[in-house]
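Notes follow once the structure below has been shown.
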Amino acid sequence: MGCKDKRDQDTNCVCDAVEQILAEQEAVEEISCPTSCYSNLLSPAGGPQRDTIPFMLTNKKGELFKAFGNVGGFMGDMTCFKTIFFRVEAVEDCCATLSLLRPVDVHGHTESVCDPCDECFFGLEKSDFCIEVDLSCFCAIQCLSPELVDRIADKHHK
Numbered sequence: 002m003g004c005k006d007k008r009d010q011d012t013n014c015v016c017d018a019v020e021q022i023l024a025e026q027e028a029v030e031e032i033s034c035p036t037s038c039y040s041n042l043l044s045p046a047g048g049p050q051r052d053t054i055p056f057m058l059t060n061k062k063g064e065l066f067k068a069f070g071n072v073g074g075f076m077g078d079m080t081c082f083k084t085i086f087f088r089v090e091a092v093e094d095c096c097a098t099l100s101l102l103r104p105v106d107v108h109g110h111t112e113s114v115c116d117p118c119d120e121c122f123f124g125l126e127k128s129d130f131c132i133e134v135d136l137s138c139f140c141a142i143q144c145l146s147p148e149l150v151d152r153i154a155d156k157h158h159k
């Protein structure tokens with residue numbers, strides 16, 4: 002059980018939010034509130050068609066959850082990375098398959114990021130690395146702009 006009250010074992014707001022994110026990724030539809038995990042962050046009015054709502058999870062101790070991708074350097078650019086950014090792939094009974102979003106700098110190079118305000122962090126790329134998590138172990142979720150995924154640096158950043 003996560004941080005919820007022992008009397009309220011049937012609901013978990015993090016699980017509910019992740020289920021909502023998955024539903025929105027699977028079927029982009031218009032909702033007017035752009036500021037929470039329950040809004041449609043993938044609204045076509047927000048720009049090019051997107052299919053990922055990146056998010057971060059916080060544990061009971063108030064620490065950001067992190068995971069590791071490409072351990073051993075067997076794929077792609079051979080760089081192992083640490084990330085706090087995730088994309089939901091599936092949810093069942095408050096257990097989720099999350100893909101790791103690879104943090105990159107303004108030049109597209111892999112960065113290990115444990116703080117979303119890290120100066121080197123510029124954007125996110127989808128990866129094929131996944132983890133299975135029990136969503137009831139988390140107390141908070143923060144959705145981020147879909148614009149972070151496959152973000153392209155404008156000329157003054159280069």
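The numbering of the sequence shown is this note's numbering, which starts it at 2 and goes up by one.
Every residue, glycine too, gets a C-beta built ideally from N, C-alpha and C.
Cutoff 6 Å; reference residue i; Cβ partners in own chain excluding five residues on either side
| i | result |
| --- | --- |
| I132 | A68 and L99 |
| V92 | V19, E20 and L23 |
| S146 | none |
| G74 | C81 |
| M79 | none |
| A141 | T59 |
| C121 | D106 and E112 |
Residue i vs residue j beta-carbon contact at 8 Å
| i | j | result |
| --- | --- | --- |
| L65 | C115 | yes |
| L101 | V15 | no |
| C95 | N13 | yes |
Candidates the options, of which the one nearest residue i by Cα
| i | options | result |
| --- | --- | --- |
| T53 | M76, M79, C95 and S128 | S128 |
| G124 | F130, C144 and H110 | H110 |
| D151 | G73, L136 and H108 | H108 |
| M76 | F130, R51 and D106 | F130 |
| N60 | L149, C138 and E148 | C138 |
| V134 | F87, V72 and E27 | F87 |
| L149 | E27, A141 and R51 | R51 |
| V72 | G63, C121, S113 and F122 | S113 |
Own chain residues within Cβ distance below 7 Å of residue i, not counting five before or after
| i | result |
| --- | --- |
| R172 | A question about residue 172 goes unanswered here, because the residues of the chain that appear run from 2 up to 159. |
| I153 | none |
| T36 | Low per-residue confidence applies at T36: pLDDT is 49, beneath 50, and the placement is therefore not dependable enough to give any value. |
Integer Cβ distance of residue i from residue j, believed to fall under 8 Å
| i | j | result |
| --- | --- | --- |
| F56 | C118 | Their Cβ separation, rounded to whole angstroms, is 16 Å, which puts F56 and C118 out of contact at 8 Å. |
Chain-order list of residues whose beta-carbon lies under 8 Å from that of residue i (same chain, five-residue window excluded)
| i | result |
| --- | --- |
| Q26 | L43, D52, T53, I54, R88 and V89 |
| K62 | none |
Residue i: CB within 7 Å of a non-hydrogen atom of the ligand ATP
| i | result |
| --- | --- |
| Q143 | This structure lacks the ligand ATP; in fact it carries no ligand of any kind. |
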